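Novice: Residues in the sequence shown are numbered consecutively from 909, following the numbering used here. We treat Cβ as the ideally placed atom computed from N, Cα and C, and that holds for glycine. Predicted model only: the values in this text are computed from it and were never measured. If you scroll down you'll find the structure; I have some questions about it.
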Amino acid sequence: MNHSASILTAERQKTGARLTIDLAALAANWRLLATRAAQAETAAAVKGNAYGLGLEQSASALAVAGCRTFFVAVPAEGARLRAVLPQATIYVLNGLIEGTADSLAASRLRPVLGSLEEIEEWAAYRAAGGDGLAALHVDTGMNRLGLTLDQAAALAALPDSAHSLGLALVMSHLACADTPNHMQNARQLERFREASRLFPRVPASLANSAGIHLGEEYHFDLVRPGIALYGGRFMQDRPPLAVVAAAEARILQIRSVARGETIGYGAMETTTRASRIAILSVGYADGYLRATSSSDQRPGANVCLHGTRARLIGRVSMDLLAIDVTGIAQARRGDLVELFGPNMPIDEVALAADTIGYEFLTSLGDRYERHYVGGA
Ligand SMILES: *Cc1c(COP(=O)(O)O)cnc(C)c1O
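Given below as structure tokens:
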């Protein structure tokens, strides 16, 4: 055995599952969205560790592709990002945490101000000579973060308020953009037009991934895609962009199980024939959600091996799960099984758990052996 082969073997023994992240596909997805929103700047939402795929690696690849503006959720994510991208514009979506204006601004992180309390505190920081910049969030129907239109109008009526707060962006967020025919979209667009007219010299931003596809009138000056960059489904009746992430788990052993036996915790599923059951080295501690489990009452998620789909059988355990490989004669101990990726769409797996690709990706955990490919 040559040296590099033995390193590979040692690597394989560390963990039972691996995650491959294609940074070239990520960059290509960003470029495609940038052409779809050609009149606007295309930023990137990299919150939640870049939707579970690695903040530093993902944001660096996006920056090489041309992305200059990034959105994180919390200051700690912003600080990590600042360390690798000294020039980037970074917005912190969850806003200003009490008493942190100075430290945010010291890392040149821009809070997205979403309440009157936050604005008051930011105004005091600016009045004391602080020169940090910020965004203003106006709520247009999500009722989560942001000033009401009336509060925004009152703020705009104060002399020179945009300038004195250092507002570099006015934004809002769509609640139903993934459902193109939902009437809420047009209603939020109308309200956001009003909000952006209040601050005519401040750039405006409304669209997430799905919002970009609602039409050019939703683009304004800057768009903020997240899930579409990472290859997840962003709109009900549109295919996702290129696949970015693939997860595979190893077969630890294959068991012959007689008809009428039960598989796993809770004895939730009974074999209806003499079966070959493969046990995989992955479980809910790796974010393979327990809600994907199979039972006699309800089918679970599928996986893919040797070009064939196989189904989960029984409950997902913390570190293990079982699949039925009765019809897949080639299945062997040590085989890698695709959990999601090019042959097993992440959104299909997520749906088996009654959830969305976003939750599956951001739940992945740190036990995978991570491989980044296609980087610059
Ligand atoms: C997460 C988020 C985005 C990106 O949304 P996607 O649906 O992933 O494209 C954009 N804007 C805000 C405010 C967000 O919270």
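Pick helix, strand or coil for V1211, following the three-state DSSP scheme.
Specialist: By 1-based counting over the sequence shown, the position of residue 1211 is 303. In this structure, V1211 counts as strand in the three-state DSSP scheme.
Novice: Quick one: give me the first and last residue of the alpha helix (DSSP H) that D1255 is part of.
Specialist: One-based indexing of the sequence shown puts residue 1255 at position 347. From DSSP, the alpha helix (DSSP H) with D1255 extends over 1254-1260.
Novice: Given 8 Å as the limit, is there contact between the region 1083-1094 and the region 1107-1125, that is, 3 or more CB pairs closer than that?
Specialist: The answer is yes - the region 1107-1125 touches the region 1083-1094, with three or more Cβ pairs under 8 Å.
Novice: Suppose you measure from the CA of E1102 to the CA of L1188; what does that come to, to the nearest Å?
Specialist: Along the sequence shown, one-based indexing puts residue 1102 at 194. Along the sequence shown, one-based indexing puts residue 1188 at 280. Looking at the two C-alpha atoms, the distance is approximately 54 Å.
Novice: Using 8 Å as the Cβ pair cut-off and three pairs as the minimum, do the region 945-954 and the region 977-984 touch?
Specialist: Yes, the region 945-954 touches the region 977-984.
Novice: Kindly provide the ranges of any beta strand (DSSP E) runs that are 3 or more residues long and lie completely inside the region 1135-1212, ordered along the chain.
Specialist: Runs found: 1153-1165, 1183-1188.
Novice: Quick check: the region 1167-1183 against the region 1236-1247, are there 3 or more CB pairs under 8 Å?
Specialist: Contact fails: fewer than three Cβ-Cβ distances are below 8 Å.
Novice: If we count the other Cβ atoms within 10 Å of its Cβ and call it buried at 16 or more, is D1232 buried or exposed?
Specialist: One-based indexing of the sequence shown puts residue 1232 at position 324. By the 10 Å Cβ count, D1232 comes out buried.
Novice: Contact check, S1080 vs G1038 under 8 Å by CB: the rounded distance?
Specialist: By 1-based counting over the sequence shown, the position of residue 1080 is 172. By 1-based counting over the sequence shown, the position of residue 1038 is 130. That pair is no contact at about 25 Å.
Novice: Just reading off the alpha helix (DSSP H) that V992 is part of, what are its end residues?
Specialist: Position 84 of the sequence shown holds residue 992. 983-992 is the span of the alpha helix (DSSP H), which, as asked, contains V992.
Novice: Mapping DSSP to helix, strand and coil, what is Y1266?
Specialist: Looking up residue 1266 in the sequence shown gives position 358. Reduced to three states, the DSSP call for Y1266 is helix.
Novice: Mind listing, in chain order, the continuous beta strand (DSSP E) runs of no fewer than 3 residues lying wholly within the region 937-983?
Specialist: As far as the region 937-983 is concerned, its whole beta strand (DSSP E) runs of at least 3 residues are 977-980.
Novice: Does DSSP put L934 in a helix, a strand or coil?
Specialist: Position 26 of the sequence shown, counting from 1, holds the residue named residue 934. In this structure, L934 counts as helix in the three-state DSSP scheme.
Novice: Using the beta-carbon count (16 or more within 10 Å), is H1279 buried or exposed?
Specialist: Taking the first residue of the sequence shown as 1, we reach residue 1279 at position 371. When all chains shown are included, H1279 counts as exposed.
Novice: Contact between the region 1137-1156 and the region 1254-1269: three or more CB pairs below 8 Å?
Specialist: Touching, yes.
Novice: Please identify the residue among S1113, R1241, Q1059, L1122 whose C-alpha is closest to the C-alpha of I1185.
Specialist: Counted from its first residue, the sequence shown places residue 1185 at position 277. If we check each option's Cα against that of I1185, R1241 comes out closest.
Novice: Beta carbon of G1022, beta carbon of G1007: below 8 Å?
Specialist: On the sequence shown, position 114 is the one that residue 1022 refers to. On the sequence shown, position 99 is the one that residue 1007 refers to. Taking 8 Å as the Cβ cut-off, G1022 and G1007 do not qualify as a contacting pair.
Novice: Kindly identify the DSSP beta-bridge partner or partners of E1277.
Specialist: Walking along the sequence shown from the start, residue 1277 turns up at place 369. E1277 pairs with R926.
Novice: Quick one, which of S1203, P1207, G1195 has its alpha-carbon nearest I1254's?
Specialist: In the sequence shown, residue 1254 corresponds to position 346, counting from 1. Comparing Cα-Cα distances from I1254 to each of S1203, P1207, G1195, the minimum goes to G1195.
Novice: So is L1024 buried or exposed if we call it buried at 16+ other beta carbons inside 10 Å?
Specialist: Sequence index remark: in the sequence shown, residue 1024 carries index 116 (1-based). Exposed is the call here.
Novice: So, are the CB atoms of E1028 and P1019 less than 8 Å apart?
Specialist: Locating residue 1028 in the sequence shown gives position 120, where the first residue counts as 1. Locating residue 1019 in the sequence shown gives position 111, where the first residue counts as 1. For E1028 and P1019, no; Cβs fall outside 8 Å.
Novice: Assuming Y999 is part of the beta strand (DSSP E), what are its boundary residues?
Specialist: One-based indexing of the sequence shown puts residue 999 at position 91. Unbroken beta strand (DSSP E) run through Y999: 997-1000.
Novice: Could I get the ranges of all uninterrupted alpha helix (DSSP H) runs contained in the region 1027-1101, with 4 residues as the minimum, in chain order?
Specialist: List check, alpha helix (DSSP H) in window: 1057-1065, 1069-1073.
Novice: Taking DSSP's pairing of strands, which residues face V1245 in a bridge?
Specialist: Within the sequence shown, numbered from 1, the residue matching residue 1245 stands at position 337. Answer is A1157, bridged to V1245.
Novice: Would S1164 be called buried (16 or more neighbouring beta carbons within 10 Å of its own) or exposed?
Specialist: Position 256 of the sequence shown holds residue 1164. S1164 should be labelled exposed.
Novice: Within the continuous alpha helix (DSSP H) that includes H1120, where are the two ends?
Specialist: Locating residue 1120 in the sequence shown gives position 212, where the first residue counts as 1. Just to set this straight, residue 1120 is Ile in the shown sequence, not His. Here the alpha helix (DSSP H) through I1120 covers 1117-1120.
Novice: Whose C-alpha, out of L1066, N1051, R1206, Y1276, is nearest the C-alpha of M1176?
Specialist: By one-based count along the sequence shown, residue 1176 stands at place 268. For M1176, the nearest C-alpha among the options comes from R1206.
Novice: Going by DSSP, which residues form a beta bridge with V1131?
Specialist: Indexing the sequence shown from 1 puts residue 1131 at position 223. Bridge partners of V1131: T950.
Novice: My assumption, with CB atoms under 8 Å, is that A933 sits in contact with A1155. Please give the rounded CB distance.
Specialist: Here residue 933 corresponds to residue number 25 of the sequence shown, with the count starting at 1. Here residue 1155 corresponds to residue number 247 of the sequence shown, with the count starting at 1. That belief does not hold up - the Cβ atoms of A933 and A1155 are roughly 15 Å apart, past 8 Å.
Novice: Look at the alpha carbon of V1224 and the alpha carbon of V1257, and state the distance between them as a whole number of angstroms.
Specialist: On the sequence shown, residue 1224 is found 316 positions in, with the first residue counted as 1. On the sequence shown, residue 1257 is found 349 positions in, with the first residue counted as 1. Cα to Cα, the separation comes out at about 13 Å.
Novice: When you compare the CB positions of R1099 and L1057, do they come within less than 8 Å of one another, or not?
Specialist: Your numbering for residue 1099 matches position 191 in the sequence shown. Your numbering for residue 1057 matches position 149 in the sequence shown. Contact: yes.
Novice: Heavy atom of ligand 1 less than 7 Å from the Cβ of L1021, yes or no?
Specialist: Numbered from its first residue, the sequence shown carries residue 1021 at position 113. No - ligand 1 has no heavy atom lying nearer than 7 Å to the Cβ of L1021.
Novice: Which residue marks the beginning of the alpha helix (DSSP H) containing D1010, and which one marks its end?
Specialist: As a first step, residue 1010 must be located in the sequence shown, where it is residue number 102. Its alpha helix (DSSP H) spans residues 1009-1014.
Novice: Judging by CA-CA distance, which residue of P1250, G1191, A1230 is the nearest neighbour of S1203?
Specialist: As a first step, residue 1203 must be located in the sequence shown, where it is residue number 295. Per the Cα distances, A1230.
Novice: Considering only their Cβ atoms, is the gap separating A996 from G1040 smaller than 8 Å?
Specialist: As a working note, residue 1040 is residue 132 in the sequence shown. As a working note, residue 996 is residue 88 in the sequence shown. Taking 8 Å as the Cβ cut-off, G1040 and A996 do not qualify as a contacting pair.
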